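Undergrad:
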Amino acid sequence: MIAYGLFIVVGAVVLMILEQPEENLLVKEVRELKNRFLADNPCVEESSLDRLLMNVLSASKRGVATLESDGNECNFDFTSSLFFVITFLTTTGYGTTVPLSDEGRVFCVVYCLVGIPLTLLLLSSLTHALLPWVTHTPIHNLQVFWGLSRDHAALLHCSVLAFCTATLFFLLPAGALCLLENDWNYLESLYFCFISLSTTGLVDYLPGRTQSQAARQGLEFATSCYLMLGLIVLLVVMESFWELQQIQAVVRFFAGPRQGELKGVGLDELVLSGDMAGAEEDPHYSLPISTISPAFSDSPATPTTELPPIFGLTPIAATKENVPPSL
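For any residue, its number in this note's numbering is found by taking its place in the sequence shown, counting from 1, and adding 140.
1) Going by the beta-carbon positions, is the gap between L270 and V376 smaller than 7 Å?
2) Leaving out five residues before and five after N322 in sequence, what residues of the same chain have Cβ atoms less than 6 Å from its Cβ?
3) Can you grab the Cα-Cα spacing for the pair V390 / Q160, in whole Å?
4) What did DSSP end up calling D438 once you bin it into helix, strand or coil?
5) For L469, which residues of its own chain have a beta-carbon under 7 Å away from its beta-carbon, when the five flanking residues on both sides are left out?
6) Measure the alpha-carbon distance for L320 versus L346 and round it to whole angstroms.
7) With a 10 Å radius around its C-beta and 16 neighbouring C-beta atoms as the bar for buried, classify Y326 as buried or exposed.
8) For V150, which of helix, strand or coil comes out of DSSP?
9) D472 to S264, Cα distance in whole Å?
10) How would you write the range of the alpha helix (DSSP H) that T545 sits in, first residue to last?
11) Quick check: what's the CA-CA separation for F310 versus S198?
12) So, do the segment 304–318 and the segment 327–340 have three or more beta carbon pairs nearer to each other than 8 Å?
13) Leaving out five residues on either side along the sequence, give the residues of the same chain with a beta carbon under 8 Å from the beta carbon of G418.
14) Once DSSP output is grouped into helix, strand and coil, what is the label at Q357?
15) Measure the CB-CB distance between G358 and L337 and report whether it falls below 7 Å.
16) Note down, one range per segment and in chain order, each alpha helix (DSSP H) of at least 4 residues found wholly within the segment 289–365.
17) Tell me the DSSP secondary structure of E172 in three-state form.
18) Among the residues of its own chain, which have a CB less than 6 Å from the CB of I279, if the five just before and after it don't count?
19) Under the rule that 16 or more other beta-carbon atoms within 10 Å means buried, what is V373, buried or exposed?
20) Buried or exposed: R356, going by 16 or more other Cβ atoms within 10 Å of its Cβ?
21) Under 7 Å, do I256 and L367 count as touching if we go by C-beta distance?
22) Mind checking W286: buried by the 16 CB within 10 Å criterion, or exposed?
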């Protein structure tokens, strides 16, 4: 707890150092622009201008476009409403669109009380259904065909899986957004992908806001599909990493040893095949072809040998003393 508290404090201090100069610079620029406007238009009162700006900013925070430069933007057509529902149920919540009526707020509360647990249940079910195909089977194949131990196979598979996920869901989408949004650079596009799939959902970046209505609706639908698919893939990746022995060792280091059910995940020399569901077969034993088993008398130092009967005579026990030299 102390280490985590220090981690939070360090993050706050770093953000304060990095962002406070940029904030002060932006405030200075806006105030200079306002003073210049008042100087060019002496008939406009400063208090009236402040009230106008406050109303416009308040409407903009609630997702309502009031300026003519925004065009015919509508936040509650079907595509925008679908985008709002998906961001709400996945707890991303960019915050660009909010319910305006009391009835809409009540509906969102009731809808999300049912929808968020249902969404989490769906994501969890899909994750556990995909985990054997995406993780367990490739690790098993690496063990069988490449002869790797399970720890090395799991580490190699998770590394490849992480690289493919980062490429397909972060690097390539960021490049596509950089091409579609002229005002975004690659870092800003990558930042949007991260805050989306991490369900942080900050409001500073959202695609399609400076384009036409049709382009905005298309980007909102694509973003909705990207959110659902990306969250499923990230959950599968996290579950795969959670099964690594190195991660378990780190958890045991911080949480301490715990008693739990033994999972035979590291017993490479015992289990090399997943087909172990059949009934166990009893072991079969076979005698050797020839067996030498000398018999011993009561005296441990004197071995005895039982001779076969000859011509119906009673067999006698031969010892070292009574065995003829010819025998």
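Each residue gets a CB set at the ideal place from its N, CA and C atoms; glycine is no exception. From a predicted model like this one, the values you see are computed outputs, not experimental measurements.
TA: Here's the rundown:
1) With respect to the 7 Å criterion, L270 and V376 are classified as neighbours on the basis of their beta carbons.
2) No residues qualify anywhere along the chain.
3) Pairing V390 with Q160, the inter-Cα distance amounts to about 36 Å.
4) Here D438 scores only 46 on pLDDT, less than 50, and its place in the model should not be relied on; the value that follows carries that caveat. Three-state result, D438: coil.
5) In the structure as shown, the chain begins at 141 and stops at 467. Residue 469 is therefore absent and cannot be evaluated.
6) Between the alpha carbons of L320 and L346 lies a distance of about 12 Å.
7) Per the 10 Å Cβ criterion, exposed.
8) Here V150 carries a helix assignment [DSSP, helix/strand/coil].
9) In this structure the chain extends from 141 to 467, so residue 472 is not present and cannot be described.
10) Since the first residue of the chain shown is 141 and the last is 467, residue 545 is not available in this structure.
11) Between F310 and S198, the alpha-carbon positions lie close to 33 Å from each other.
12) Taking a cut-off of 8 Å on C-beta distances, the segment 304–318 touches the segment 327–340, as three or more cross pairs fall below it.
13) In this prediction, G418 scores a pLDDT of 44, lower than 50, which makes its location untrustworthy; the coordinate-derived value is nonetheless stated afterwards. Within the same chain, no residue comes within 8 Å of G418 by CB-CB distance, once the 5 residues on both sides are set aside.
14) Helix.
15) In this structure, the beta-carbon distance from G358 to L337 does not fall below 7 Å.
16) Counting whole runs of 4 or more residues, the segment 289–365 contains the alpha helix (DSSP H) stretches 290–306, 312–320 and 326–337.
17) In this structure, E172 counts as helix in the three-state DSSP scheme.
18) In its chain, beyond the 5 residues on either side, A293, A294 and H297 have a beta carbon closer than 6 Å to the beta carbon of I279.
19) A residue is called buried when at least 16 other Cβ atoms come within 10 angstroms of its Cβ; V373 meets this threshold and is buried.
20) Classification for R356: buried.
21) Not closer than 7 Å, so no.
22) Label assigned to W286: exposed.
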